[in-house]
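Step one of this worksheet: look at the structure below.
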Amino acid sequence: MRAKPMNASRREFLRTSAMAGGGLVIGFTLPGAARLAQGAGKEARMSAYLRIAPSNDITVVCGLSEMGQGVHTAIPMLVAEELDADWSRVRVEQAGVDQAFANPIFGMQATGGSTSVRGHWEPMRKAGATARAMLIAAAAQTWKADAADCRTERGMVFHKSGRKLSYGQLAEKAAKLAPPKDVKLKDPTQFNLLGKSGTKRLDSAAKSTGRAKFGLDVYLPGMLTAVIAYPPVPGGKAASVNDAKAKAVPGVRQVVQIPSGVAVLADGYWPAKLGRDALEIQWDHGANATLSSEGISKMLSAGAAAGGAVGRNEGDAKAATPAKKIEAEYEAPYLSHSCMEPLNCTAWVREGEVEIWAGTQSQGPAQGILAQVAGVAPGKVKINTMYLGGGFGRRFAPDPVVNATVLSKLSGKPVKLVYSREDDTRGYFYRPASVTRMTGGLDAAGRATLFTASVASPSIMEGSHFMKLPPDGVDEFGVEGVRDCPYDIPNLRVEYSRQEPGGIQVWFWRSVGHSQNSFFLESFIDELAHAAGKDPFEFRRSLLGKQPRSRGALELAAEKAGWDKPLPAGVHRGIAVVFSFGSWCAQVAEVSVGADGTPKVHRVVAAVDCGMTVNPDIVKRQIESAIVYGLTAALYGKITFKDGRVEQSNFHDYRMLRMSEMPKVEVHIVPSKEAPGGIGEPGTPPIAPAVANAIFAATGKRIRKLPLLG
Amino acid sequence: MISLSINGKTRKADASPDTPLLWVLRDSLHLTGTKFGCGIAQCGACTVHLDGQPVRSCSTPVSAAAGKKVTTIEGIGATRAGKAVQAAWISHDVPQCGYCQSGQIMSASALLASNRAPSDADIDAAMSGNVCRCGTYNQIRAAIKDAAAGAKGA
């Protein structure tokens, strides 16, 4: 028995949804600021971002997704600082989807690229300062006084006469006033909250008691739970389906074929999974059934050897004749994001409208895509953003929201689509594999005079479907971290060769191109330092004369790690420094290597220059988190292919760093008055090279292929 | 219909005996604090207590819970160790994304209930079955030690 045949309109719908599922479609029109977050009860709505209740409770509405990075604390802090709010009364609420919450850096509502604080540093402070000015104006009106004679502190307006009114008392009146066009922001020396330690996260209690609601925690009346049998080979499709046994599983309601695979809809996850296990599917594997990691490596290696589009060219690298020349090929594998919360989305397609509940990083793009998938106006797509059980870029991708919407439309019911851990691990959208061939040259004095890198990797820009390779043919994510080599080397050339093995969907993974390219560059610079017979820290430092912030982070990490001080027997250090996402991060890793060759990372000392900070406690935790993410990948991370299939499936064969392997981590922040940089990602890139360089210091063995444990 | 004792209350659920306890808690009873992470007892996100012992509910058939006291993250605060652990978690701001933390807290509470002053090695042994993708392990360790110190003083 085959799955139910489709009628013509359903086929047309699926064709459209397949197109939408294959790529983010942009150019759609977002509604204006029509559906702003509405105030509840008697709260006064000061703006889209802020409500104040008569009780003095302050609600900051945040359009950014909380995935652990602390944005649901940082955004309220920005508002509260300029509002002079009483922080103990500040709460946060997740916004729906609305252009009012567009990320200024992306132009649409989305969370990623370590942009949240960078993009909202000024707008959210202005939102606070504007509301403060309105509250002062309301108080001055009430008192028939001059606003210039009023001041604010901890949620109160004070008049010089001693009179005072709370924000809660003033809010209703203030909300009716015209917002001032220009407001003066505080000088950083006046900050009470920003940049100061001790402000607690607003989500800790909910997340320590099981109350926090993630996407998987959504239950709707009449909802079905869906799992999909996906083609085991990229680009494959179901040739025939026998669903008789699946439909015989108690609790299974429907089996439907969709462009992504064969979906089983049931009364809960367990019957859905059992139903899927019972499906009998003949797959047409398509063109990629012989895909293998060996073949991919060869393809990338040949691409790197051949060279490609020129991304940077200084001096004359081809004509340079250094006294000493070294050459090496480095390789990094595909990686899965493996968020703790498996991917999921709950969708409900009703007459002329769509509503979804998801931990998504990309509300703006999703709204446009789902409007096309369901055939409704973008304004009829409602998105309820839940807490994200990890994001790391994976939750920027459209696959769960598209497929859940497709299944709800087909079934006419609310549908929660759940990825098993195996689906999640094997669900593509991987950090691309890359092979990079580098050459370096030294003059007779041991000074670097030549650096070239030839990168071969799939293109994230093209794979994203919302960007295109630029006219120069260089994928910015393919080369970032090596093209922006900070070292002062006169002859420098970077090339990029786009290689696309077997239709493997690649995607943004925490720190994106820096995640592999910084391993390549910072390991190779270490090779150059050793070739020059110089200390790896001093060698880097000597080449960073024109990069004071790189050098500053490097020096602080070295100083705090005691770079020149002896270590216990068997423990060795490696160092790396990387600029990414607007911040500079240097790390020193202390590593010993066991008799069997297994490295143990004892301590990591990090220094970060991320400009001014919002919450330095969260900054330190983000750097530590990013180190663990990068260290896990460096030690164990690899997605490999055999016969077209992904070989890994779950945490037993796609290993995670665990408590017993966790190094001590120290994070030091470089004091700064500069504009804020990103913080979610910059801690990831330096750890792999810092550890690999320490392994070299310990063993003399240079590791040029990740993961470190093969 | 299966009858279970969960957090001190009797709950009934319509599920076959081999359904994992996790999916009965979540899909039948909507006790969503217990999380699905891997389905094969590799990550600890689904940890609950059966008669005080930590188990991975994703790999425990619901039939194995019959006649036992099931404690989940929603009920652990009623125990002395659980209350101390949750308070320490909040005061240390342990959670980042937070998804694994129910399981971490259940493992930590079981540890402290049986060991009032765990060493680093004890913590490694008790907590290495719980994966945290945000890398909060050092904060978890610090919070456990704090909770232990608090519980000792109590």
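Sequence order for the protein chains is A and B.
Counting in this note's numbering, the first sequence runs from 653 upward without gaps.
Counting in this note's numbering, the second sequence runs from 113 upward without gaps.
By construction, the Cβ of each residue, glycine as well, lies at the ideal position given by its N, Cα and C atoms.
Beta-carbon neighbours of residue i, restricted to chain A and to distances below 8 angstroms
{"i": "Asp333 (chain B)", "result": "An answer regarding residue 333 (chain B) cannot be provided, because it is not within the stretch 113 to 266 covered by chain B."}
{"i": "Asn62 (chain B)", "result": "Only positions 113 to 266 of chain B appear in this structure, which leaves residue 62 (chain B) out of reach."}
{"i": "Thr163 (chain B)", "result": "Looking at the sequence shown, residue 163 (chain B) is not Thr but Asp. Going along chain A, no residue has its Cβ under 8 angstroms from Asp163 (chain B), so there is no contact; the nearest lies around 20 angstroms."}
{"i": "Arg173 (chain B)", "result": "Residue identity check: residue 173 (chain B) is Pro in the sequence provided, not Arg. By Cβ distance, chain A contributes nothing, its closest Cβ being about 11 angstroms from Pro173 (chain B), past 8 angstroms."}
{"i": "Gly189 (chain B)", "result": "Thr861"}
Beta-carbon separation (whole angstroms), residue i vs residue j, contact threshold 8 angstroms
{"i": "Pro873 (chain A)", "j": "Ile1156 (chain A)", "result": "Contact doesn't hold; Cβ gap of about 39 angstroms is too wide."}
{"i": "Thr999 (chain A)", "j": "Thr1057 (chain A)", "result": "Contrary to the premise, residue 999 (chain A) reads as Ala rather than Thr in this sequence. Right, the Cβ-Cβ distance comes to about 4 angstroms (below 8 angstroms), so this counts as a contact."}
{"i": "Arg996 (chain A)", "j": "Leu1069 (chain A)", "result": "The question names Arg, but residue 996 (chain A) in the sequence shown is Asn. At roughly 6 angstroms, the Cβ-Cβ gap stays under 8 angstroms, so Asn996 (chain A) and Leu1069 (chain A) are in contact."}
{"i": "Ile1364 (chain A)", "j": "Ala1085 (chain A)", "result": "This structure cannot settle anything about residue 1364 (chain A), because the visible part of chain A is limited to 653 through 1362."}
{"i": "Ser282 (chain B)", "j": "Pro129 (chain B)", "result": "Here chain B has residues from 113 to 266 only, and residue 282 (chain B) is not among them."}
{"i": "Asp1095 (chain A)", "j": "Thr1104 (chain A)", "result": "So it is not a contact: roughly 16 angstroms between Cβ atoms."}
{"i": "Ala1241 (chain A)", "j": "Ala1209 (chain A)", "result": "About 10 angstroms separates the two Cβ atoms, so there is no contact after all."}
{"i": "Val1317 (chain A)", "j": "Val1256 (chain A)", "result": "5 angstroms"}
{"i": "Val651 (chain A)", "j": "Ser1072 (chain A)", "result": "Examination of residue 651 (chain A) is not possible in this model, given that chain A is present from 653 through 1362 alone."}
{"i": "Ala1184 (chain A)", "j": "Phe1176 (chain A)", "result": "About 13 angstroms separates the two Cβ atoms, so there is no contact after all."}
{"i": "Val893 (chain A)", "j": "Gln906 (chain A)", "result": "13 angstroms between Cβ atoms; not a contact."}
{"i": "Ala930 (chain A)", "j": "Thr877 (chain A)", "result": "Actually they are not in contact, since the Cβ atoms of Ala930 (chain A) and Thr877 (chain A) sit about 16 angstroms apart, beyond 8 angstroms."}
Buried/exposed call for residue i, threshold 16 Cβ in 10 Å
{"i": "Val916 (chain A)", "result": "buried"}
{"i": "Ser990 (chain A)", "result": "buried"}
{"i": "Ile1355 (chain A)", "result": "buried"}
{"i": "Pro1315 (chain A)", "result": "buried"}
{"i": "His1304 (chain A)", "result": "exposed"}
{"i": "Arg964 (chain A)", "result": "buried"}
{"i": "Gly1222 (chain A)", "result": "exposed"}
{"i": "Gln842 (chain A)", "result": "exposed"}
{"i": "Ser1232 (chain A)", "result": "buried"}
{"i": "Gln1368 (chain A)", "result": "Residue 1368 (chain A) cannot be examined here, being either before or after the span of chain A that is shown, 653 to 1362."}
{"i": "Pro756 (chain A)", "result": "exposed"}
{"i": "Gln751 (chain A)", "result": "buried"}
{"i": "Ser169 (chain B)", "result": "buried"}
{"i": "Ala692 (chain A)", "result": "For Ala692 (chain A), the pLDDT reaches just 41, beneath the cut-off of 50, and the residue's location in the model is therefore unreliable, leaving the point undetermined."}
{"i": "Val962 (chain A)", "result": "exposed"}
{"i": "Arg192 (chain B)", "result": "exposed"}
{"i": "Arg1145 (chain A)", "result": "buried"}
{"i": "Gln165 (chain B)", "result": "exposed"}
{"i": "Arg228 (chain B)", "result": "exposed"}
{"i": "Ala1286 (chain A)", "result": "buried"}
{"i": "Pro1200 (chain A)", "result": "exposed"}
{"i": "Asp1295 (chain A)", "result": "exposed"}
{"i": "Asp205 (chain B)", "result": "buried"}
{"i": "Arg777 (chain A)", "result": "buried"}
{"i": "Ala957 (chain A)", "result": "exposed"}
Short CB-CB distance (under 7 angstroms) between residue i and chain C
{"i": "Gly262 (chain B)", "result": "Going by chain labels, chain C is absent from the structure shown, which instead holds the protein chains A and B."}
Under 9 angstroms by beta carbon: chain B residues contacting residue i
{"i": "Phe1303 (chain A)", "result": "Gly149, Cys150, Ile152, Gln154, Cys155 and Val243"}
{"i": "Ile1279 (chain A)", "result": "Gly247"}
{"i": "Tyr1039 (chain A)", "result": "Cys209, Gly210 and Tyr211"}
{"i": "Cys991 (chain A)", "result": "Cys209, Tyr211 and Arg245"}
Contacts that residue i makes with chain B (C-beta to C-beta distance below 7 angstroms)
{"i": "Asp869 (chain A)", "result": "Thr144"}
Proximal residues of chain A, C-beta to C-beta of residue i below 7 angstroms
{"i": "Met239 (chain B)", "result": "Met1311"}
{"i": "Asp258 (chain B)", "result": "Within chain A, no residue comes near Asp258 (chain B); the closest Cβ sits about 13 angstroms away, beyond 7 angstroms."}
{"i": "Thr131 (chain B)", "result": "Trp922"}
{"i": "Ile202 (chain B)", "result": "Ser856, Ala857 and Ser860"}
{"i": "Ile217 (chain B)", "result": "Ser860"}
9 angstroms Cβ cut-off: residues of chain A touching residue i
{"i": "Ile118 (chain B)", "result": "Under the 9 angstroms cutoff, chain A gives no residues; its nearest Cβ is about 13 angstroms from Ile118 (chain B)."}
Per-residue contacts from residue i into chain B (C-beta, under 8 angstroms)
{"i": "Glu966 (chain A)", "result": "Under the 8 angstroms cutoff, chain B gives no residues; its nearest Cβ is about 37 angstroms from Glu966 (chain A)."}
{"i": "Ala1010 (chain A)", "result": "Those do not exist, as Ala1010 (chain A) stays about 14 angstroms from chain B at its closest Cβ, beyond 8 angstroms."}
{"i": "Arg853 (chain A)", "result": "Asp205 and Pro207"}
Q | Cβ pair count under 8 angstroms reaching 3, the stretch 1259 to 1270 of chain A against the stretch 846 to 856 of chain A | A | yes
Q: For the stretch 686 to 772 of chain A, list the beta strand (DSSP E) runs that are entirely contained and at least 3 residues long, ordered along the chain.
A: 696 to 699, 702 to 704, 710 to 714 and 742 to 746
Q: Could I get the ranges of all uninterrupted alpha helix (DSSP H) runs contained in the stretch 156 to 228 of chain B, with 4 residues as the minimum, in chain order?
A: Within the stretch 156 to 228 of chain B, the complete alpha helix (DSSP H) segments of 4 residues or longer fall at 192 to 203 and 213 to 226, listed in chain order.
Q) Taking three-plus beta-carbon pairs below 8 angstroms as touching, is the stretch 137 to 146 of chain B in contact with the stretch 116 to 125 of chain B? A) yes
Q. Quick one: complete alpha helix (DSSP H) runs, 4+ long, within the stretch 852 to 885 of chain A?
A. 856 to 860
**Q.** Complete runs of the alpha helix (DSSP H) confined to the stretch 814 to 853 of chain A [at least 4 residues]
**A.** 819 to 827
Q.
Could you check whether the stretch 1270 to 1287 of chain A touches the stretch 1327 to 1338 of chain A, counting it as contact only if at least three pairs of C-beta atoms, one from each stretch, sit closer than 8 angstroms?
A. yes
Q.
With three or more beta-carbon pairs closer than 8 angstroms as the criterion, would you say the stretch 1031 to 1040 of chain A touches the stretch 778 to 789 of chain A?
A. Between the stretch 1031 to 1040 of chain A and the stretch 778 to 789 of chain A, the count of C-beta pairs closer than 8 angstroms stays below three; the two stretches do not touch.
(Q) With three or more C-beta pairs closer than 8 angstroms as the rule, is the stretch 1344 to 1360 of chain A touching the stretch 1160 to 1176 of chain A? (A) yes
Q | Segments assigned alpha helix (DSSP H), at least 4 residues, entirely inside the stretch 1186 to 1229 of chain A | A | Fully enclosed alpha helix (DSSP H) runs of 4 or longer: 1188 to 1194 and 1200 to 1213.
Q: For the stretch 210 to 221 of chain B and the stretch 233 to 240 of chain B, state whether three or more C-beta atom pairs, one from each stretch, are separated by less than 8 angstroms.
A: The answer is yes - the stretch 233 to 240 of chain B touches the stretch 210 to 221 of chain B, with three or more Cβ pairs under 8 angstroms.
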